[in-house]
Amino acid sequence: MKKYTLKRVLTFIFTLLAILLILFILMQLMPGSPFNDEKLNEDMRAALYAKYGLDKPIIVQFFNYVKNMLQGDFGVSYKISKNTPISQLIQTRLPISIGIGGMAVALGAIVGLLLGLLAALKHNTIWDTLATIISVIGVSVPSYVFALALSYNFGFKLQWFPMLFSQKDIMGSSVLPSISLSMFTMASIARFTRSEMLEVLGSDYMLLAESKGLSGPALIFRHALRNALIPIVTVLAPLIVDLMTGSLVVEKIFAIPGVGSLLVNAIQSNDYNVVISLSFIYSAMYIAIMLVVDLLYGVIDPRIRLAKKGD
Amino acid sequence: MSEQTIKTTQNAYVPTDADFRLKDNAGEITIDTNFAAQSFWKDVTIRFFRKTSAWIGLFLIIIITVLAIVGPGMNEYTYSGQELSQKNFAPRVPGLEKLGIFDGVERMTTSSGTKEFDKYTENNLTDVYYWFGSDNFGRDIWTRTWEGARVSLIIAVAAALIDMIIGMSYGLISGYFGGRTDMIMQRILEIANGIPRLVIVTLLLLVLKPGMLTIIFALMLTEWVGMSRIARAEMLKLKEQEFVLASRTLGAGHFFIIFKQILPNIIGPIITQVMFSIPTAIFTEAFLSFVGLGIPVPQCSLGSLISEGFNSFTTHPFQIIPPVIVMALLMLSFNLVADGLREALDPKLKEM
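Residue numbers (numbering that gives the first Met the number 0), protein chains in the order written: chain A, 0 to 310; chain B, 0 to 351.
So, in structure tokens, the structure goes:
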């Protein structure tokens, strides 16, 4: 287990460095320099370069860059809001995005689990078919199509929820974005739960538990679901990542002042510095989630832990 | 006693010539369908079409593909031709207009109740028909939808095929050689996999000029990981088998074994993975267009059409509906086909 953890953490660090290297190279490839102003003459430019360390060898620049990025010093925005530190831009937006993303994951996980359970317990009935249809649609239809449909029907036509995000009614205006983001998670989890539950329900230890006289919730939740849950945890990581991608468009549709819409704006207005900083944050979050899930997997499933000890 | 037995045996039966004639019973023998040997692919086809959702998906893909090819040529409009005097016309189809649908009438909900507009009669253009309506620049949405579907399909299929070639080769080589090669190749893959797809694609498109080839290239860089994992896993299963050993004994080279002998055996899971990666590619393309990194105007893809329609989707919802439906159906049907294919190729697989 210790060796495994160490290996995962090392991969994490290397991936992070690789990402930083790629971002750094991209920064070098970007047209122009940060000091494009025509009013500057050569001496002033040289002075500015010296001030920001741009006259040093490229390796030194890279290590400075890594140091700054890891300390959360991402530089300033050039276009979106001139000369505002990017960390400040992100600070207010990140909680909103994480809030909506978290709600979507929770909603998707709970509803998906219930849907999958229903389908497995009522295998080969109309409920099963219904749950399968819902999950196939949920997996195939992109989240922003749901976002558009929900925003048109419940936001515009029925006016149950605000169509656009407003700071005054954060709960109410998070409902539609969270639902549209959660659809993919929900559908995938429903499919996995169903297939895992079907396998578990047919296993010998379930027969044993039943023959010992267990029935009802105790049987399903304590014996079946617990074992079925293990593989489901592993799919959660890629799902969260897909959700991050989806959040870009969904945040734009609902005009949510989150990180996703900031990235979209930055891309559209060619604010490279912001794009690169956000790319770094997304990547760091992504690999951190992967790391946590990988490590959790060992904790949750005693079979893996014991097998690792035996080595 | 024994003498007697021998005698009886000898006298029991003397075969005659008639016994050695052909029985000539071709008529009696019918093919035993239960045990008749069938080729693998025939089996797969039968299992595939037995699943309703799979052939519905295939049917939808064929229809959409055909429409994407012939659709833009079905009326007199072109995908980039603008008619600024005829913008935002509602859908109107000859024949159907008498039934009260697709009649060119647009209903708008305002604060003072629902209003009906008919821009065709307002402008005295009674013989003009826009089947799916016209957009903000007076371009025909029918033509643009199918043109967009064509572009999206080309991007998705091209990206999926290139991914297949790269990912497959990578996985096969890594799995076959094993040892240090495998270790290094897998570490590289882990790092590549650690960078979110979104980030790679976005950054690449910032550096390169947006366009079809760039999008294909970006998709190629991100999608091969899944494919190579599958190829490697299959390779690990197969490489210890006797036919590989036999081939090696006969002096076959590594690459001959990998691509000529093992590859045909794992083509099933690979095709399934290609089918799964097509909807992902369609989605990624649509996403990029929505963000503004997609196909440059006046060309269009499903994503750019959705993005255009989004700007006016509360006032003219008919503009966004066709591309959204086509894209959703396309992704759905590719997923259905991939699911069906996976089950058909491996019936022992656990139910999904």
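For every residue, glycine included, the Cβ atom is placed at its ideal position computed from N, Cα and C.
For the putative contact between residue i and residue j, defined by C-beta atoms under 8 Å, what is the C-beta separation to the nearest angstrom?
{"i": "I266 of chain A", "j": "V290 of chain B", "result": "6 Å"}
{"i": "G174 of chain B", "j": "A217 of chain B", "result": "With a Cβ gap of about 26 Å, G174 of chain B and A217 of chain B do not count as contacting."}
{"i": "I85 of chain A", "j": "S276 of chain A", "result": "5 Å"}
{"i": "A103 of chain A", "j": "L180 of chain A", "result": "4 Å"}
{"i": "V274 of chain A", "j": "L205 of chain B", "result": "6 Å"}
{"i": "V198 of chain B", "j": "Y281 of chain A", "result": "6 Å"}
{"i": "S133 of chain B", "j": "G170 of chain B", "result": "Wrong, their Cβ atoms sit about 48 Å apart, outside the cutoff."}
{"i": "T180 of chain B", "j": "N74 of chain B", "result": "Actually they do not touch by this definition, with Cβ atoms about 57 Å apart."}
{"i": "F13 of chain A", "j": "I190 of chain B", "result": "6 Å"}
Would you mind telling me which residues of chain A sit closer than 7 Å to residue i, beta carbon to beta carbon, in chain order?
{"i": "P278 of chain B", "result": "S139"}
{"i": "A285 of chain B", "result": "P141"}
{"i": "T201 of chain B", "result": "I266, V274, S278"}
{"i": "I60 of chain B", "result": "Here the premise fails: no neighbours, minimum Cβ distance about 12 Å."}
So residue i contacts chain B; which residues on that side make the cut at Cβ distance below 8 Å?
{"i": "M289 of chain A", "result": "G193"}
{"i": "Q267 of chain A", "result": "V290, G291"}
{"i": "A17 of chain A", "result": "I190, G193, I194"}
{"i": "T14 of chain A", "result": "E189, I190, G193, I194"}
{"i": "T244 of chain A", "result": "P195, R196, L197, F286"}
{"i": "Y271 of chain A", "result": "L205"}
Please go through the same chain and pick out, in chain order, the residues whose beta-carbon is closer than 6 Å to the beta-carbon of residue i, but skip the five residues on each side of it.
{"i": "A148 of chain A", "result": "none"}
{"i": "K2 of chain A", "result": "none"}
{"i": "P209 of chain B", "result": "L292, P295"}
{"i": "L114 of chain A", "result": "A130, A189"}
{"i": "L5 of chain A", "result": "none"}
{"i": "M0 of chain B", "result": "Here the model assigns M0 of chain B a pLDDT of 48, short of 50, so the residue's position is not dependable, and the following value carries that caveat. So no residue of the chain qualifies."}
{"i": "G111 of chain A", "result": "M185, I188, A189"}
{"i": "A392 of chain A", "result": "With chain A represented from 0 up to 310, any question about residue 392 of chain A goes unanswered, as that position is not in the structure."}
{"i": "I288 of chain A", "result": "A236, I239"}
{"i": "A146 of chain A", "result": "S179, V249, I252"}
{"i": "I286 of chain A", "result": "F11, T14"}
Can you tell me whether DSSP reads residue i as helix, strand or coil?
{"i": "S133 of chain B", "result": "strand"}
{"i": "V75 of chain A", "result": "strand"}
{"i": "D139 of chain B", "result": "strand"}
{"i": "P56 of chain A", "result": "coil"}
{"i": "P84 of chain A", "result": "strand"}
{"i": "N264 of chain A", "result": "helix"}
{"i": "D310 of chain A", "result": "The predicted model places D310 of chain A with a pLDDT of 37, which falls under 50 and marks its position as unreliable; any figure quoted below should be read in that light. Note: D310 of chain A maps to coil in three-state DSSP."}
{"i": "A130 of chain A", "result": "helix"}
{"i": "R20 of chain B", "result": "coil"}
{"i": "S202 of chain A", "result": "coil"}
{"i": "T213 of chain B", "result": "helix"}
{"i": "T248 of chain B", "result": "helix"}
{"i": "A159 of chain B", "result": "helix"}
{"i": "K211 of chain A", "result": "coil"}
{"i": "T324 of chain A", "result": "For chain A, the structure presents residues 0 to 310; residue 324 of chain A sits outside this window and is missing."}
{"i": "G293 of chain B", "result": "coil"}
Could you list which residues in chain B have their beta carbon closer than 9 Å to that of residue i, in chain order?
{"i": "F160 of chain A", "result": "Per Cβ cutoff of 9 Å: no residues; F160 of chain A is ~15 Å from chain B at best."}
Residues of chain A with CB under 9 Å from residue i, in chain order?
{"i": "L335 of chain B", "result": "V135, S139"}
{"i": "P268 of chain B", "result": "Ordered by position in chain A, no residue passes the 9 Å Cβ test against P268 of chain B, which lies about 17 Å from the chain."}
{"i": "L331 of chain B", "result": "V135, I136, V138, S139, V140"}
{"i": "F312 of chain B", "result": "L147, S150, Y151, F155"}
{"i": "A327 of chain B", "result": "I136, S139, V140, P141, V144"}
{"i": "F216 of chain B", "result": "Those do not exist, as F216 of chain B stays about 15 Å from chain A at its closest Cβ, beyond 9 Å."}
Suppose the cutoff is 7 Å on Cβ atoms and the five residues either side in sequence are ignored; what does the same chain contact list for residue i look like?
{"i": "I231 of chain A", "result": "I188, F191, T192, E195"}
{"i": "R92 of chain A", "result": "P256, G257, V258, L261"}
{"i": "T144 of chain B", "result": "F131, L304, P321, P322, V325"}
{"i": "I60 of chain B", "result": "S332, F333, V336"}
{"i": "D310 of chain A", "result": "Because the pLDDT at D310 of chain A is just 37, under 50, the model does not fix this residue reliably, and the value given afterwards should be weighed accordingly. Taken in chain order, the list of residues that qualify is empty."}
{"i": "I63 of chain B", "result": "A148, V325, L328, L329"}
{"i": "N264 of chain A", "result": "I79"}
Run down chain A in chain order and give the residues with a C-beta less than 8 Å from the C-beta of residue i.
{"i": "F282 of chain B", "result": "P141"}
{"i": "I154 of chain B", "result": "Those do not exist, as I154 of chain B stays about 15 Å from chain A at its closest Cβ, beyond 8 Å."}
{"i": "P316 of chain B", "result": "Y151"}
Who are the near neighbours of residue i in its chain, counting only those whose CB is closer than 8 Å to its CB and skipping five residues on each side?
{"i": "W54 of chain B", "result": "F47, F48, G339"}
{"i": "S300 of chain B", "result": "G147, V150, S151, I154, E284, A285, S288, G293, I294"}
{"i": "V8 of chain A", "result": "L290"}
{"i": "Y143 of chain A", "result": "S179, G245, V248, V249, I252"}
At a cut-off of 8 Å, is residue i close to the ligand GTP when judged by its beta-carbon and the heavy atoms of the ligand?
{"i": "G166 of chain B", "result": "This structure does not include the ligand GTP; it has no bound ligands of any sort."}
When the Cβ atoms of the stretch 299-313 of chain B are set against those of the stretch 163-178 of chain A, are three or more pairs found closer than 8 Å? no
Would you call the stretch 219-230 of chain B and the stretch 156-173 of chain B touching, i.e. three or more CB-CB distances under 8 Å? yes
Using a Cβ distance threshold of 8 Å, determine whether the stretch 281-301 of chain A contacts the stretch 135-143 of chain A, with at least three qualifying pairs required. no
The stretch 259-271 of chain B touching the stretch 233-243 of chain B, judged by at least three CB pairs closer than 8 Å: yes
The stretch 161-170 of chain B touching the stretch 264-281 of chain B, judged by at least three CB pairs closer than 8 Å: yes
Per the contact definition of three or more C-beta pairs closer than 8 Å, is the stretch 249-259 of chain B in contact with the stretch 178-186 of chain B? no
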